[in-house]
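Enquirer: The structure is given below, and queries will be raised subsequently.
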Amino acid sequence: MISDVPGIARVAAYYAEVWETTEDVLSTETLHCLRHAGGATIGAFDGDELVGATTGLFCPDGSVYSMIAAARPGVGYPLKLAQKDWAVGLGARSMRWTYDPLVSRNARFNLVKLGAVATEYTVDFYGPMRDGVNDGDESDRLTVQWDLTGTREARESVPAGEVISTAPDGEPLARTDGERIWCRVPRDIVRVRKESAELAKQWRQAVRGVFVDAFERGCAATSMSREGWYELERR
Numbered sequence: 001m002i003s004d005v006p007g008i009a010r011v012a013a014y015y016a017e018v019w020e021t022t023e024d025v026l027s028t029e030t031l032h033c034l035r036h037a038g039g040a041t042i043g044a045f046d047g048d049e050l051v052g053a054t055t056g057l058f059c060p061d062g063s064v065y066s067m068i069a070a071a072r073p074g075v076g077y078p079l080k081l082a083q084k085d086w087a088v089g090l091g092a093r094s095m096r097w098t099y100d101p102l103v104s105r106n107a108r109f110n111l112v113k114l115g116a117v118a119t120e121y122t123v124d125f126y127g128p129m130r131d132g133v134n135d136g137d138e139s140d141r142l143t144v145q146w147d148l149t150g151t152r153e154a155r156e157s158v159p160a161g162e163v164i165s166t167a168p169d170g171e172p173l174a175r176t177d178g179e180r181i182w183c184r185v186p187r188d189i190v191r192v193r194k195e196s197a198e199l200a201k202q203w204r205q206a207v208r209g210v211f212v213d214a215f216e217r218g219c220a221a222t223s224m225s226r227e228g229w230y231e232l233e234r235r
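Just so you know, the working numbering puts 88 at position 88 of the sequence shown, and the rest follows in order with no gaps.
Structure below.
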């Protein structure tokens, strides 16, 4: 864990670098207050180089809320396990956090690698964001719940059933077999945003429509295929 002010300042600068902004994502002052209140910022290092960090806080219900995480490829999993160890050490049985549902690599990491489940979809969670990664897009977020007391094997199934909606690229967006729903997202939404803000907006609205309807029907997102298909099933 990082508890000294210079170390926390280094993490604040790292977050700003990852999100491509000159403004604070979380300021040194905010990170230090979170630590003082019982939260923790955990860093991952390659020698002296900071290659990943995550910040979380303990909640009144006994869970841990992971506010932010960023890491070089290959570092995210051990970093998340370190945060889990900290949380379990406090007596936490679950951890939750949010992520952009259009970022397929994060979905696969959260739902398949960690075995978390996405239980809530919030439209424009943060309101307008002005960092270099999200600028110009609405901030819809999925909330995931990670059970820290056991493991869940995410089933990877092939999308089946009838096509119920079409994606902005003209290919199927969603399918259903009457029980489950599959919803496709772009392979790289960050690249799509940079190339066409309008196309990214169309993807946002299309995926939002599928998820909002599915969650209203009592579904949760439980898996993500390598090809970019979420699986949603009733819980």
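Glycine residues also receive a C-beta, built at the ideal position from the N, C-alpha and C atoms.
Taking the alpha carbon of M239 as the point to measure from, which residue in D140, T122 and R105 has its own alpha carbon closest?
Expert: The chain is shown only over 1 to 235; residue 239 falls outside these bounds and no answer can be derived.
Enquirer: My output table needs one value for W146: the three-state DSSP class, helix, strand or coil.
Expert: Here residue 146 refers to the residue found at position 146 when the sequence shown is read from its first residue. Here W146 sits in strand by DSSP.
Enquirer: Quick check on L114: buried or exposed, where buried means 16 or more other Cβ atoms within 10 Å of its Cβ?
Expert: In the sequence shown, counting from the first residue as 1, residue 114 sits at position 114. Burial call: buried.
Enquirer: Taking all protein chains shown into account, decide if F45 is buried (16 or more other Cβ within 10 angstroms of its Cβ) or exposed.
Expert: Stepping through the sequence shown from its first residue, residue 45 is reached at position 45. So F45 counts as exposed.
Enquirer: Determine contact between the region 182 to 202 and the region 81 to 98, defined as no fewer than three beta-carbon pairs at a distance below 8 Å.
Expert: No, the region 182 to 202 does not touch the region 81 to 98.
Enquirer: According to DSSP, Y65 sits in a beta bridge with which residue or residues?
Expert: As a working note, residue 65 is residue 65 in the sequence shown. Paired residues: L57 and R96.
Enquirer: Do Y65 and W97 count as a contact pair if the criterion is CB distance below 8 Å?
Expert: Taking the sequence shown and counting its residues from 1, the one referred to as residue 97 is at position 97. Taking the sequence shown and counting its residues from 1, the one referred to as residue 65 is at position 65. Yes.
Enquirer: How is the alpha helix (DSSP H) around R184 delimited, first residue to last?
Expert: On the sequence shown, residue 184 is found 184 positions in, with the first residue counted as 1. No alpha helix (DSSP H) holds R184; the beta strand (DSSP E) holding it covers I181 to R184.
Enquirer: By alpha-carbon positions, which one of V190, P159, S225 and Y121 ends up nearest to R217?
Expert: Looking up residue 217 in the sequence shown gives position 217. Of V190, P159, S225 and Y121, the residue nearest in Cα terms is Y121.
Enquirer: Give every residue of the same chain whose Cβ lies closer than 8 Å to the Cβ of T176, excluding the five residues on either side of it in the sequence, and list them in chain order.
Expert: For the purposes of this step, residue 176 is identified with residue 176 of the sequence shown, where counting begins at 1. Closer than 8 Å at the Cβ level, and outside the excluded window around T176, lie G161, E162, I164 and W182.
Enquirer: Taking C-beta to C-beta, are F109 and G76 nearer than 8 Å?
Expert: Position 109 of the sequence shown, counted from the start, is the residue given in the question as residue 109. Position 76 of the sequence shown, counted from the start, is the residue given in the question as residue 76. Their beta carbons are under 8 Å apart, which means F109 touches G76 by this criterion.
Enquirer: State the Cα-Cα distance for the pair V103 and Q202, rounded to the nearest angstrom.
Expert: To locate residue 103, count along the sequence shown from 1; it is residue 103. To locate residue 202, count along the sequence shown from 1; it is residue 202. Cα to Cα, V103 sits roughly 15 Å from Q202.
Enquirer: Might you give, ordered along the chain, the residues of its own chain that have their beta carbon closer than 6 Å to the beta carbon of P60, omitting 5 neighbours on each side?
Expert: The sequence position of residue 60 within the sequence shown is 60, counting from 1. Here the set comprises nothing.
Enquirer: What's the C-alpha gap between H36 and A118?
Expert: As a first step, residue 36 is located in the sequence shown; it is residue number 36 there, counting from the start. As a first step, residue 118 is located in the sequence shown; it is residue number 118 there, counting from the start. Their Cα atoms are separated by approximately 30 Å.
Enquirer: Excluding the 5 residues preceding and the 5 following R208 in the sequence, name in chain order all residues of the same chain whose CB lies nearer than 7 Å to its CB.
Expert: Here the question's residue 208 lines up with position 208 in the sequence shown. Around R208: V123 and D140.
Enquirer: Pull up the distance between the alpha-carbon of C33 and that of V11, whole angstroms please.
Expert: By 1-based counting over the sequence shown, the position of residue 33 is 33. By 1-based counting over the sequence shown, the position of residue 11 is 11. Each residue's Cα considered, the two are about 14 Å apart.
Enquirer: Classify R193 as buried or exposed, calling it buried when 16 or more other Cβ atoms lie within 10 Å of its own Cβ.
Expert: Mapped onto the sequence shown, residue 193 falls at position 193. Classification for R193: buried.
Enquirer: Taking 8 Å as the threshold (C-beta atoms), are I8 and T28 in contact?
Expert: Taking the first residue of the sequence shown as position 1, residue 28 is located at position 28. Taking the first residue of the sequence shown as position 1, residue 8 is located at position 8. For T28 and I8, yes; Cβs fall inside 8 Å.
Enquirer: Which value, in whole angstroms, describes the spacing of the CA atoms of E231 and D213?
Expert: If you number the sequence shown from 1, residue 231 lands on position 231. If you number the sequence shown from 1, residue 213 lands on position 213. The straight-line gap from Cα to Cα measures roughly 14 Å.
Enquirer: For L148 and D85, I'd like the C-alpha separation in whole angstroms.
Expert: In the sequence shown, the residue the question calls residue 148 occupies position 148. In the sequence shown, the residue the question calls residue 85 occupies position 85. So the alpha carbons of these two residues sit roughly 9 Å apart.
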